[in-house]
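*Asks:* Position in the sequence shown (from 1) plus 15 gives the number in our numbering.
The beta-carbon is built from N, C-alpha and C at its ideal position, and this holds for glycine as well.
These figures come from a predicted structure and were not determined experimentally.
So that we are looking at the same thing, I have put the structure below in structure tokens.
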Amino acid sequence: MNSIVVMSDFFVDRLIKLNSKKEFFNALADKARFGGGSIRGIPTVDVKGGNAVNVAYCLASLGAKVTLFTIADDIGSAVIRQIFSKFGDRSNLQIINGKHGRTTSFEFQDEMYSKVNVMVSDIGDNANFGPERIDSPDDLKILNNADAVIVVNWASNFKGTQLAEHVFANSPKALHFIDPADIATRQQEFLDSMTKIAYIIDVLSINENECNSLAEAVGIDPLLLECYSQTSVRNAAKKLAEKIGISIDLHTMIGAAWSNGKETEFVHAIKVEAQTLTGAGDSWDAADIIGYLAGLDAKERLIYANICSSLYIRNPHAQPATMTEVSELLERIGHK
């Protein structure tokens, strides 16, 4: 395996863990009524963030050799280099000088007693990461030798389509994988972009929210409503793959599905007590990519991705799975 190339967003994430949004809003209202002040006793933690950095980190944790193209200022660059230092020559960091993003993520239980996270972001220069950022002879050599090229967080990058088209066209031997993140405000633009460059995309990875946004863009009813089923997830992946012309990997709270528009596969999620939500989709994507490169069939790949994401979700320190942990869990649940 030569290298998996990932791009391009980097954020510093502050996670704020709440008991409930109602309790938090009431505390805000009380402080505002008295002219402001501190709300104490709320657990917070600062972690590395951004879909690209998270996916690259999860891939390296699973033993893959990763090249990360991203953008950060001097402090952000130092953070990235320190985080990836433990991987040695398995990580190749191509950090362009600029303003990285910052996100505050609120995690709490909703009315259905499921944990959710809502994020508030300053995108920084992630918003304009175009082909010109990855166009030197050395950059093009990295792309040409890649086994996989991954473009994530299209939704935060107004040059995302141009970037994807450029890097995919310059990596003819690679798996081409895209995860757009939350496209709710740009859903029609995303659909038009995917239709335009579908011929050079192998995999479109989405969650249930992105699934419903795409469904609206193609002119069909939401595919995954509040209480959706295995059949709903299967059908959603198949319908979107048919409409868009790209194989869909759909990961949801109840399980994951794959479809190429004709065939479908579904694997149930592994139930765990959620400790960490932010970054769970990135962990799933990383394992999914490893599964493709390892030649796993659709069911095996979805099982592997679900296992890796379950290990991430139950880790209170937002640390991705290692191959040893994956192997141990595979043995415990009976998959050989």
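Quick check: what's the CA-CA separation for Glu204 versus Trp169?
*Replies:* So the alpha carbons of these two residues sit roughly 11 Å apart.
*Asks:* Could you say if the stretch 201-218 and the stretch 239-252 meet the contact criterion of at least three C-beta pairs nearer than 8 Å?
*Replies:* The stretch 201-218, when compared against the stretch 239-252, does not touch it at the 8 Å Cβ threshold.
*Asks:* Does Ile261 come out as helix, strand or coil in the three-state DSSP assignment?
*Replies:* Three-state DSSP puts Ile261 in coil, outside helix and strand.
*Asks:* Comparing the C-beta of Ser23 with each C-beta of chain B, is any distance below 9 Å?
*Replies:* Absent from the structure: chain B. Only one protein chain is present.
*Asks:* For Gly145 versus Leu178, is the C-beta distance shorter than 9 Å?
*Replies:* Cβ distance < 9 Å, so Gly145 and Leu178 count as in contact.
*Asks:* For Tyr319, does the count of other Cβ atoms within 10 angstroms reach 16, so buried, or fall short, so exposed?
*Replies:* Result: buried.
*Asks:* My parser needs the alpha helix (DSSP H) runs of 4 or more residues fully inside the stretch 299-345; what are they?
*Replies:* List check, alpha helix (DSSP H) in window: 313-328.
*Asks:* Among Glu280, Asn227 and Gln334, which residue has its Cα nearest to the Cα of Lys63?
*Replies:* Nearest C-alpha to Lys63: Gln334.
*Asks:* Within a Cβ cutoff of 6 Å, which residues of the same chain sit near Ala213, ignoring the five residues on either side of it in sequence?
*Replies:* Gly260 and Ile261, listed in sequence order.
*Asks:* Arg29 by DSSP, collapsed to three states: which one?
*Replies:* It is a strand residue.
*Asks:* So, helix, strand or coil for Gln202, using DSSP?
*Replies:* DSSP places Gln202 in helix when its eight states are reduced to three.
*Asks:* Excluding five sequence neighbours on each side, which residues of the same chain lie with their C-beta closer than 8 Å to the C-beta of Leu165?
*Replies:* Going by the sequence as given, residue 165 is Ile instead of Leu. Excluding residues within five positions, the ones whose Cβ falls inside 8 Å are Ile19, Val20, Val21, Met22, Ala67, Val70, Phe192, Ile193, Asp194, Asp300 and Ile304.
*Asks:* Ala163 bridges to which residues according to DSSP?
*Replies:* According to DSSP, Ala163 bridges with Ile19 and Leu190.
*Asks:* What does DSSP give as the partner residue(s) for Ile221 in the beta ladder?
*Replies:* Answer is Leu265, bridged to Ile221.
*Asks:* The ligand PLP heavy atoms versus the CB of Phe49: any closer than 8 Å?
*Replies:* The ligand PLP is absent from the structure shown, which contains no ligands of any kind.
*Asks:* So what does DSSP say about Ser53, is it helix, strand or coil?
*Replies:* It is coil, neither helix nor strand.
*Asks:* For Glu241, count the other beta carbons within 10 Å of its own beta carbon; 16 or more makes it buried, fewer makes it exposed. Which is it?
*Replies:* So Glu241 ends up on the exposed side.
*Asks:* Can you name the start and end residues of the alpha helix (DSSP H) that Leu43 belongs to?
*Replies:* Lys36 to Arg48 is the extent of the alpha helix (DSSP H) around Leu43.
*Asks:* Rounded to a whole number of angstroms, what is the C-alpha to C-alpha distance between Val81 and Lys46?
*Replies:* Their backbone Cα atoms lie some 46 Å apart in a straight line.
*Asks:* Output the boundary residues of the beta strand (DSSP E) element that contains Gly64.
*Replies:* Gly64 -> beta strand (DSSP E) spans Thr59 to Gly64.
*Asks:* By Cβ distance below 8 Å, which residues in the same chain neighbour Ser186 in space, the five residues on each side in sequence not counted?
*Replies:* Taken in chain order, the residues that qualify are Val20, Leu158, Asn159, Ala161 and Val164.
*Asks:* Please return the same chain residues whose Cβ sits closer than 8 Å to the Cβ of Lys351, not counting the five positions on each side in sequence.
*Replies:* Because Lys351 carries a pLDDT of 44, less than 50, the predicted location of this residue cannot be relied on, and the following value inherits that uncertainty. Once the five neighbours on either side are set aside, the close Cβ partners of Lys351 are Leu345.
*Asks:* Taking C-beta to C-beta, are Val60 and Leu33 nearer than 9 Å?
*Replies:* Their beta carbons are not under 9 Å apart, which means Val60 does not touch Leu33 by this criterion.
*Asks:* Can you give me the start and stop residues for the beta strand (DSSP E) that Ile90 sits inside?
*Replies:* From DSSP, Ile90 is part of no beta strand (DSSP E) but of the alpha helix (DSSP H) over Asp89 to Phe99.
*Asks:* Going by DSSP, name the residue or residues bridged to Gly294.
*Replies:* DSSP lists no partner for Gly294.
*Asks:* Give me, in chain order, the residues of the same chain whose beta-carbon lies closer than 8 Å to that of Ser100; leave out the 5 immediate sequence neighbours on both sides.
*Replies:* Contacts found: none.
*Asks:* Short check: CB of Ala251 to CB of Ala284, under 9 Å?
*Replies:* No. Outside cutoff.
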